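Asker: Chains as they are written, first to last, in this note's numbering: chain V, 985 to 1311; chain S, 985 to 1311.
Here it is, the structure, as structure tokens.
Number of protein chains: 2
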Amino acid sequence: MKIRIGIAGYGNLGRGVECAILQNPDMELFGIFTRRNPADVKTLTGASVYHIDNIETYKDSIDVLILCGGSATDLPVQTPALAEHFNVIDSFDTHAKIPEHFANVDAVAKASGNVAIISVGWDPGMFSLNRLYAGAILPDGEDYTFWGKGVSQGHSDAIRRISGVKNAKQYTIPVDSALEAVRSGVNPSLSVREKHTRECFVVAEEGADLAKIEQAIKTMPNYFADYDTTVHFISEEELSRDHSGIPHGGFVIRCGKTGLHGENKHIIEYSLKLDSNPEFTSSVLVAYARAAYRMNKEGQSGCKTVLDVAPAYLSPKSADELRATLV
Amino acid sequence: MKIRIGIAGYGNLGRGVECAILQNPDMELFGIFTRRNPADVKTLTGASVYHIDNIETYKDSIDVLILCGGSATDLPVQTPALAEHFNVIDSFDTHAKIPEHFANVDAVAKASGNVAIISVGWDPGMFSLNRLYAGAILPDGEDYTFWGKGVSQGHSDAIRRISGVKNAKQYTIPVDSALEAVRSGVNPSLSVREKHTRECFVVAEEGADLAKIEQAIKTMPNYFADYDTTVHFISEEELSRDHSGIPHGGFVIRCGKTGLHGENKHIIEYSLKLDSNPEFTSSVLVAYARAAYRMNKEGQSGCKTVLDVAPAYLSPKSADELRATLV
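Following this line, the structure appears as structure tokens:
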């Protein structure tokens, strides 16, 4: 009997989940739920499409529902609402609001007897795990998170809102010398500017004032003002030819000391280099869907984060097999 | 109320645990248990020393016992025996015998109601975790484990057994070009020889036949014959001046594909660079002692590996604090 997955929301993340399920023989896709007219949605694999308003009808046909909406407005509403009827997984990534989201989802999931795992992905997600493990092992130390090289959707959107900008893509790039300083074990104090640079590829409208656009980007508070930012004006053709991917990645590095007088140094480094940010996130979501299914089968309920999930639940292998082959 | 730790065995690992406890304010060291005459054991921190034969007497004073013996003969006997009276942690690292050791310990720990966590450290341990997480996320991929640069105690011992050798230290070194090939994402097939080289620093007895020693090392089956091995003859002074540390480390790298046609590649890399192999292992043991204590308080019992322990148990922070600061 395979684990039956539902997908709620069919953007990049939903399509990623649809593909990832094919790589996991213990799972099958029940269908995709959308706010659009189902007849208008063409899926990558020919999966069935349903309107999200009817989702409750299918509660006995779905073991775990993976929510692929956005963190700004979709998930704060959808995750608690759907946890009433389903085991759910989401990738809620507004770090500051995780405690509030957790509390909302936990109340519903506990009452309904379902398992909800929130904030699944790589940051929050795998990076959170690595910050936790490294910090627990080396309490006398510092950790550093670097992002990139990769596309920041939020920063690209911010550039597109500037008058005279037709299209834009922004890359967040970790500064090599900062990475090297951290890896050397000196636990440097690094300013925002010292850790990352920002590189922008901008398509301007015809006749737009390029100097003014560049100035507007570089001085934008929160987004760019605190960074060394480079702006390149390119054509729409160049943008779509050279910058259509959604790569990302990053590093979590902790350096800590041990010994009676802190005489020995240790560096723990975790890094990701991802061709497709949404497809990788989708793959993490699918692995945690397996965990949610198993935890619920064991009688567990309530909201969890990746920190609450024992690693073995993620693997299709049995505990015996894991001990024999992987530990 | 602090978590009261006992240490069984007082070699490099036991001393590392003694130091690591000082870095964890929620823990305190009850004492060290040894097979030697306790009066003859001088501890780094002035900790109390007891004879291991009397350890049962102290079962109500110790929350978790950390076993710091060797995997060859100590732990297969000690871990099951002591799990009858204590929550225990060990670093059993004979990979092939983990299933058998697990079964022996599990039977006792289940019957006694204690928690035992075995094979804790970095490999097995943190590397096992990383193989599991990466494999669950990227099922269509390959993983690679590299060790070093670091001292292999087993290989150093093997050299010391050769006639004419007074002392020796062996470093295992990952081959840079193999690491780069793996990181490039081509999932290369790598022979044993292509992944690691071995570098030996040997102190010969006066008048020994150096060519014969070098030949004996390089042709030693299992240990050296399958590797490119370099042998340096040095003096006892040079050995103690330049090679007295016990550094180690390594890499777990997985490259996998996602997308409908496997069109996107992803690289997950975890690496360790350790000044002191035993002190880092000790720090992992101590973090898992916290987990064992908490899991047992919740009513859990039986044998576990790192794969069975939810990450949050390792951290001294509360679940609320972790969600607010670290997820």
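Every residue, glycine too, gets a C-beta built ideally from N, C-alpha and C.
These figures come from a predicted structure and were not determined experimentally.
1) Would you be able to state if there are at least three C-beta pairs under 8 angstroms between the region 1123-1139 of chain V and the region 1156-1167 of chain V?
2) Below 9 angstroms on C-beta distance, what does L1256 (chain S) contact in chain V?
3) Can you grab the Cα-Cα spacing for the pair F1208 (chain V) / H1216 (chain V), in whole Å?
4) For the beta strand (DSSP E) containing A1192 (chain V), name the first residue and the last one.
5) May I ask you to list, following chain order, the residues of the region 1032-1043 of chain V that have a beta carbon less than 8 angstroms from some beta carbon of chain S?
6) Can you check whether the C-beta of T1057 (chain S) is within less than 8 angstroms of a C-beta belonging to chain V?
7) Please list, in chain order, the residues of the region 1120-1141 of chain V that have any C-beta partner in chain S closer than 7 angstroms.
8) Tell me whether the region 1049-1056 of chain S and the region 988-996 of chain S touch, counting them as touching only if at least three CB pairs, one residue from each stretch, are closer than 8 angstroms.
9) Can a CB atom of chain S be found closer than 8 angstroms to the CB of Q1007 (chain V)?
10) Is any beta-carbon of chain S found at less than 8 angstroms from that of R1145 (chain V)?
11) Okay, do the region 1183-1190 of chain V and the region 1139-1149 of chain V touch, 3+ Cβ pairs below 8 angstroms being the bar?
12) Which value, in whole angstroms, describes the spacing of the CA atoms of E1012 (chain S) and D1292 (chain S)?
13) Count the CB pairs spanning the region 1245-1258 of chain V and the region 1212-1229 of chain V that are closer than 8 angstroms, and state whether there are at least three.
14) Please identify, using Cβ separations under 7 angstroms, the residues of the region 1220-1253 of chain S that lie next to chain V, in order along the chain.
15) Verify the CB distance criterion: does R1278 (chain V) have a CB-CB separation below 8 angstroms to chain S?
16) Excluding five sequence neighbours on each side, which residues of the same chain lie with their C-beta closer than 6 angstroms to the C-beta of E1263 (chain S)?
17) Taking only beta-carbon positions, decide if V1089 (chain S) is within less than 8 angstroms of chain V.
18) Please decide whether C1003 (chain S) counts as near chain V, where near means a Cβ-Cβ distance under 8 angstroms.
19) Report yes if the CB atom of T1063 (chain S) is closer than 8 angstroms to the CB atom of D1074 (chain S), and no otherwise.
20) Give me the chain S residues within the contact set of F1070 (chain V), using Cβ-Cβ distance strictly less than 7 angstroms, ordered along the chain.
21) Skipping 5 residues on each side, what residues in its chain have a beta carbon closer than 7 angstroms to that of P1060 (chain S)?
22) If contact means a Cβ-Cβ distance below 7 angstroms, which residues of the region 1267-1293 of chain V contact chain S?
23) To which residues of the same chain is V1025 (chain S) closer than 8 angstroms at the C-beta, ignoring the five residues directly before and after it?
24) With DSSP as the reference, please indicate the residues paired to Q1154 (chain S) in a beta bridge.
25) Select from the region 1291-1311 of chain V all residues with a C-beta closer than 8 angstroms to any C-beta belonging to chain S, and list them in chain order.
26) Once DSSP output is grouped into helix, strand and coil, what is the label at H1232 (chain V)?
Answerer: Let me lay it out:
1) yes
2) H1250, I1251, I1252, E1253
3) Distance between the alpha carbons of F1208 (chain V) and H1216 (chain V): 15 angstroms.
4) Looking at the DSSP string, A1192 (chain V) is not in any beta strand (DSSP E), and its letter there is neither H nor E.
5) none
6) Not one chain V Cβ lies under 8 angstroms of T1057 (chain S).
7) A1120, I1121, L1122, P1123, D1124
8) yes
9) yes
10) no
11) Two segments are said to touch when three or more pairs of C-beta atoms, one from each, lie closer than 8 angstroms; by this definition the region 1183-1190 of chain V touches the region 1139-1149 of chain V.
12) 25 angstroms
13) no
14) T1242, G1243, L1244, N1248, K1249, H1250, I1251, I1252, E1253
15) With a threshold of 8 angstroms between beta carbons, R1278 (chain V) makes no contact with chain S.
16) G1000
17) Chain V contact via Cβ: absent.
18) yes
19) yes
20) Result: empty, since nearest Cβ-Cβ is about 21 angstroms, beyond 7 angstroms.
21) H1085
22) S1267, V1268, A1271, T1289, L1291, D1292, V1293
23) Y994, I1016, T1018, V1033
24) S:C1184
25) L1291, D1292, V1293, A1294, P1295, A1296, L1298, S1299, P1300, A1303, D1304, L1306, R1307, A1308, L1310, V1311
26) strand
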